[in-house]
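Residue numbers (the UniProt record's numbering): 1 to 134.
What follows is the structure in structure tokens.
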């Protein structure tokens, strides 16, 4: 092992002070970022518990196992369903409809609903299914 003479300049750069500065700057940026996210404290106004005025646009028609029909969660017959959909169309000309049929229901019940939607010229109709478990 050789001992360096005191008059010879250093060949290596000491990066320890530079790393110390980087760590200090990192801590300062972290503290400043969390301080700005919190924001100022204000006394927020209270909102009423009234339901939202926004109306749900998508209608769900459910055909149960025993053949009963539901519009969203309201039980209806096929003529009542047709009447309610015509009323809804008067308010909102275009809205999507999702038909949810039980896997054990008679196929004719679902076809009756789809036939009625076709007669009323609804174009945005979807069928809800479950994904296949793998």
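All residues carry an ideal CB built from backbone N, CA and C; glycine is no exception.
Proximity winner among 63, 19, 14 and 13, relative to residue 101 (alpha-carbon distances): The count along the chain shown starts at 1 and reaches residue 101 at position 101. Selection 63, 19, 14 and 13 evaluated against residue 101 yields 63 as nearest (Cα-Cα).
Kindly provide the ranges of any alpha helix (DSSP H) runs that are 4 or more residues long and lie completely inside the stretch 65-112, ordered along the chain. Counting whole runs of 4 or more residues, the stretch 65-112 contains the alpha helix (DSSP H) stretches 78-91.
Can you say whether residue 30 is buried or exposed, counting buried as having 16 or more other CB atoms within 10 angstroms of its CB? Position 30 of the chain shown, counting from 1, holds the residue named residue 30. Classification of residue 30: exposed, given that the 10 Å Cβ count is below 16.
May I have the straight-line CA-CA distance separating residue 20 from residue 46, to the nearest angstrom? Along the chain shown, read from residue 1 onward, the residue named residue 20 stands at position 20. Along the chain shown, read from residue 1 onward, the residue named residue 46 stands at position 46. When the Cα atoms are used, residue 20 and residue 46 turn out to be separated by approximately 48 Å.
Three-state class that DSSP yields for residue 60 in the structure shown: Reading the chain shown from its first residue, position 60 is the one you call residue 60. Residue 60 falls in the strand class under three-state DSSP.
First through last residue of the beta strand (DSSP E) which encompasses residue 125: Working through the chain shown from its first residue, we reach residue 125 at position 125. Note, residue 125: beta strand (DSSP E), 125-127.
Where does residue 17 sit, in a helix, a strand or coil, going by DSSP? Within the chain shown, residue 17 is the residue found at index 17, counting from 1. Look at residue 17 here: in three-state DSSP terms it is helix.
Residues near residue 109 by beta carbon distance below 6 Å, same chain, minus five either side: Sequence index remark: in the chain shown, residue 109 carries index 109 (1-based). Correct list, in chain order: 63 and 67.
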